[in-house]
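Below is one structure, written out as structure tokens; comments come after it.
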Amino acid sequence: MAMVFDDRTDAGRKLAERLGEYRNKQDVLVLGLPRGGVPVAYEVAEHLGAPLDVFLVRKLGAPGNEEFALGAIATGGVRVINNYALRQMGVSTEALAAVAAREQRELERRESLYRGDEAEPDIAGKVVILVDDGLATGATMRAAVLAVKVKKPQKVVVAVPTGSAEACHILNAEADEVLCLDVPTHFGGVGAWYRDFAQTSDEEVLDLLNRARQRMAA
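In my numbering, each number is its position in the sequence shown, counted from 1, plus 599.
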């Protein structure tokens, strides 16, 4: 029977229980994908005693059907395009460029808002655990994995509470380790597996990041 989580906090705690091998290790870094992945990642980082940061990725939604991912962009200029989806939706190169430009502006806005004066985390040589609230197409997480790999980590772990079988399979080819806590037979969408799937606000992301930074400083 498929798992249904109360909310992202509940999902993060359940996910963290399966990542015990990384607890209290000096070289572990947890990166949440804003916004929805951050409350999940916060619980993982708390449980593991690891620092928490964000990794900015934006889905490139199809014009008129924003939830349908044509690809994604990530910090560092990484761009992942699903050419099959592009042909299927009949999206022109010009239309895709307009979507990418808009999402790039939003990525830069969030980077500035969430990071402020904080330096980007040092990823080189680290075990990086990338966390989101779920995987539908996997495009967003795939962009994150490719962007992180450029920074020469020791290992890239993808950890999500729920995901489609196809997305989890795709990520297995990209990341060193993939933990999809639950893979429902009939996925539907990420929100279907949460009782409370309210949108995460910028304020909530900032609050969780500040709390995590204070914990590490202490």
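Ideal Cβ positions, reconstructed from N, Cα and C, are used throughout, including at glycine.
In this chain, the alpha helix (DSSP H) harbouring Val747 covers Ala738 to Lys748. Rounded to whole angstroms, the Cβ separation of Leu628 and Pro720 is 6 Å, and the two are in contact under 8 Å. The beta-bridge partner set that DSSP reports for Cys779 consists of Val759.
Runs of the beta strand (DSSP E) spanning 3 or more residues and lying entirely within the stretch 603-678 occur at 627-631, 651-653, 656-661 and 664-673, in chain order. For Ile728, the uninterrupted beta strand (DSSP E) segment begins and ends at Val726 to Val730. Close CB contacts of Lys613 within its chain, under the 8 Å cut and outside five residues either way in sequence, are with Met602, Phe604, Pro760 and Leu780 (chain order).
Residue state for Ile769 is assigned as helix, using DSSP reduced to three classes.
Rounded to whole angstroms, the Cβ separation of Gly676 and Leu659 is 14 Å, and the two are not in contact under 8 Å. Residue pairing for Ile680: DSSP places it in a beta bridge opposite Gly670.
Nearest C-alpha to Val777 among Asp731, Val698 and Val749: Asp731. Across the structure, Tyr621 and Thr692 are spaced so that their CA atoms are roughly 43 Å apart.
At a Cβ-Cβ threshold of 8 Å, Gly715 and Leu734 do not count as neighbours. When the beta-carbon positions are compared, Glu645 and Thr608 stay at least 8 Å from each other.
For Glu710, the enclosing alpha helix (DSSP H) starts and ends at Thr692 to Arg714. If you draw a straight line from the Cα of Ala766 to the Cα of Val726, it comes to about 22 Å. Taking C-beta atoms as the reference points, Leu770 and Met740 count as a pair closer than 8 Å. Cβ-Cβ separation between Val653 and Tyr713: approximately 5 Å, consistent with a contact (criterion under 8 Å). The beta carbon of Gly635 lies closer than 6 Å to those of Asp732 and Thr799 in the same chain, with the five residues before and after it left out. In the DSSP assignment, Gln813 falls within the alpha helix (DSSP H) that extends over Asp801 to Ala816.
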